[in-house]
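As given, the protein sequences belong to chains R and B, one line each in that order. Using this note's numbering, read the first sequence as starting at 4 and increasing by one per residue. Using this note's numbering, read the second sequence as starting at 4 and increasing by one per residue. Notes follow once the structure below has been shown.
Number of protein chains: 2
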Amino acid sequence: MSNPLRLNKRDHKPLFKQIADGVRGQIEAGQLKAGEPIPSEREYVEQLGVSRMTVRAALDELVREGLLVRQHGRSTVVAGARIHKNALGFMSFTEDMRSRGLEASSRLLRLEAEVADAAVAAQLGLGVGERVIRIERVRLANGEPMALERCFLPHARFGRLLEEDLTQQSLYDVLERRFDCRPMLAEESIEATLLDTQEARQLGVARNSPALLARRSTRDEPGQLIEAVQTLYRADRYRMLFVRRRQGQ
Amino acid sequence: MSNPLRLNKRDHKPLFKQIADGVRGQIEAGQLKAGEPIPSEREYVEQLGVSRMTVRAALDELVREGLLVRQHGRSTVVAGARIHKNALGFMSFTEDMRSRGLEASSRLLRLEAEVADAAVAAQLGLGVGERVIRIERVRLANGEPMALERCFLPHARFGRLLEEDLTQQSLYDVLERRFDCRPMLAEESIEATLLDTQEARQLGVARNSPALLARRSTRDEPGQLIEAVQTLYRADRYRMLFVRRRQGQ
DNA sequence: CAGTGGTCTAGACCACTGA
DNA sequence: CAGTGGTCTAGACCACTGA
């Protein structure tokens, strides 16, 4: 028998989030074991003194995360898997490295305003001739080159980026702090490619080494396009991890 | 003013799914336009004669799909984007090609039972020495080689696969029809690599051509590991597309 | 059959945004 | 302030599973 969950009804955090966090914690601590059933929703209702809809909202979250599996007519069980954490969703390079236990930094190659070419304008939903901020950085992990990143943002909204130091800071941190802008949704494509001479030199590998090429368009909460990024990752040092859930029906 | 939604309370389909499908349809048909607010939840309640929780369950689904964006204190708006369909979730090769308007087929290289090596056993959660089905196929799109796939499944559960014709059929179709097994969750890693001589010949490209290497472990609804796949995609013909949503908080 | 999850109701109060 | 989405209650009935 595991310790019962405790709720703090005075806390600002919604009850269903407190429950989700609590159950997630018990799973991660091994108090609820993979493959084994968790208490029924009605048991949680009694134990916690909340309504069943609240319990379900909490468990829904864990089901979406892949930690729980519901079985109609039977019980809800802890998913058999150890799912790689942070595998869902998307992250900035800085966050990505941090989640792998590495420290991110940058060598700034370019930071300037320029007129968008047709491809970039289309990716950012801008008109022809509109200006963008161009940021080119070699991204380092524990001081070693990991990726080469070319990033474009609309100048009209993000012009003040030109005054920021982007060698140590996460771009996403700056967007949040200085522009109150939170990236929320990304459309991404991944392909394999070979590095040309210049790219290879900047990444410290041989010409024609393989690389992962990721292109991403990112939107903020209101759905505005904020960023078009193209990143070349060294194939010998980088592997992209994620978890996918099958779509309905 | 768009046509009001119609619900069929006799239908087996849950009301919240009917509402979600209806609103999704209005968005796709352009009756609800990108960037514009949709009716408030209370308006739907009146219009449809359902409770607000039901309306919210429907809209929750569309928010998770990235079609809607909620704004606390303001209204809920249609997301600015045209998100690539089928970009979330994961698909079998056959489904993937179909979603791109291509016809999938296979050239079967191997279909046999063998003893799992340590790596495959670990991926499938089997003990050392347990048997697996090994399926190796060149995957074709409209008759042209697109990918080279090595797939392993536990022999104990899927031994009857040896009797199936896997040149035209989707493996996932067979799993569903013959084994009542539905793949639901996949843990995937993507990296870039170069093809060796034999792989290149099977894909009809030059040696040392770049390729995307995807490794996937797949689970069914109860969370059992059912499949470990390794797929090499030709870099010149294949690009992986997906949509990511930012996590938590 | 008892127990489970799946859906739904008809309310309530809150926090937030903009006029 | 009125109107929005965010959370929550205390029930109800259903479909499904396994004994």
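Positions of the beta carbon are idealized from the N, C-alpha and C atoms, including for glycine.
Legend entry - Residue range of the unbroken beta strand (DSSP E) whose run includes B:Y236: L228 to R237
Legend entry - Contact set for R:G132: own chain, Cβ-Cβ below 7 Å, skip 5 residues either direction: V118
Inset, instruction - Work out the CA separation of B:V232 and R:D183 for me, nearest whole Å. - result: 42 Å
Legend entry - CB contact below 7 Å: R:E152 versus chain B: no
Legend entry - Beta-carbon gap between B:F19 and B:T57 smaller than 7 Å: yes
Inset, instruction - For B:V93, decide whether its Cβ has a neighbour in chain R, counting only Cβ atoms nearer than 7 Å. - result: For clarity, residue 93 of chain B is Phe in the given sequence; the question names Val instead. Interface residue, yes.
Legend entry - Contact check, R:P40 vs R:V80, beta carbons under 7 Å: yes
Inset, instruction - Give a yes or no on whether the C-beta atoms belonging to R:T234 and R:A150 are separated by under 7 Å. - result: yes
Legend entry - For B:M100 and B:A107, the rounded distance between their alpha carbons: 6 Å
Legend entry - Pairwise C-alpha distance: R:G52 and B:R113: 58 Å
Legend entry - Identity of the residue in R:R134, R:S220, R:G33 and R:A82 nearest R:P65 by Cα: In the sequence as presented, Pro is not what sits at residue 65 of chain R; that position holds Leu. The shortest Cα separation from R:L65 among R:R134, R:S220, R:G33 and R:A82 belongs to R:A82.
Legend entry - Limits of the unbroken beta strand (DSSP E) element including B:E98: Taken as a continuous stretch (DSSP letters only), B:E98 belongs to no beta strand (DSSP E), being part of the alpha helix (DSSP H) at F96 to S102.
Inset, instruction - Report yes if the C-beta distance between R:A195 and B:A238 is below 7 Å; otherwise report no. - result: yes
Legend entry - Exposed unless 16 or more other CB atoms sit within 10 angstroms - verdict on R:P17: exposed
Inset, instruction - Using a Cβ cut-off of 7 Å (strictly closer), state whether B:G226 contacts chain R. - result: yes
Inset, instruction - Please say whether B:V135 and B:F155 have beta carbons closer to each other than 7 Å? - result: yes
Inset, instruction - Measure the C-alpha to C-alpha separation of B:R185 and B:L111 and round it to an integer number of angstroms. - result: 23 Å
Inset, instruction - Give the interface partners of R:E194 over in chain B, defined as CB-CB distance under 8 Å, in chain order. - result: L215, A238, Y241, R242 and M243
Legend entry - Of the listed residues R:A37, R:N11, R:R27 and R:I138, nearest to B:Q227 (C-alpha basis): R:A37
Legend entry - Minimum Cβ-Cβ distance from R:L188 to chain B less than 7 Å: yes
Legend entry - For R:L178, three-class secondary structure by DSSP: helix
Legend entry - Contacts that B:V253 makes with chain R (C-beta to C-beta distance below 8 Å): Residue 253 of chain B is absent from the structure shown; chain B starts at 4 and stops at 252.
Legend entry - Best match in B:L35, B:R160 and B:G69 for proximity to B:E230 [C-alpha to C-alpha]: B:R160
Inset, instruction - With DSSP as the reference, label R:L71 as helix, strand or coil. - result: strand
Legend entry - Endpoints, alpha helix (DSSP H) assigned at B:F161: H158 to F161
Inset, instruction - Tell me whether the beta-carbon of R:T221 lies closer than 7 Å to the beta-carbon of R:R210. - result: no
Legend entry - Minimum Cβ-Cβ distance from R:A280 to chain B less than 7 Å: It is not possible to answer for residue 280 of chain R, since the shown part of chain R is limited to 4 through 252.
Legend entry - Rounded C-alpha distance that separates R:R55 from R:Q34: 22 Å
Legend entry - Partners in chain B for R:L8, counting only beta-carbon separations shorter than 9 Å: Result: empty, since nearest Cβ-Cβ is about 19 Å, beyond 9 Å.
Legend entry - Rounded straight-line distance, which links the Cα of B:A116 to that of B:Q172: 19 Å
Inset, instruction - Quick one: grab the DSSP three-state call for R:D63. - result: helix
Inset, instruction - Kindly indicate which three-state DSSP category R:F93 falls into: helix, strand or coil? - result: coil
Inset, instruction - Out of R:E46, R:H15, R:E68 and R:L164, point me to the one whose CA is closest to R:R247's CA. - result: R:E68
Inset, instruction - Thinking B:A189 and B:R142 are a contact (beta carbons under 8 Å), I'd like their distance in whole angstroms, please. - result: Actually they do not touch by this definition, with Cβ atoms about 17 Å apart.
Legend entry - Same chain only: Cβ atoms within 8 Å of B:M4, ignoring 5 sequence neighbours per side: Its pLDDT being 43, under 50, B:M4 is placed unreliably in this model, and the value from its coordinates should be taken loosely. So the list is empty, once near-sequence residues are dropped.
Inset, instruction - Step through the CB atoms of chain R and report whether any lies within less than 7 Å of the CB of B:V177. - result: no
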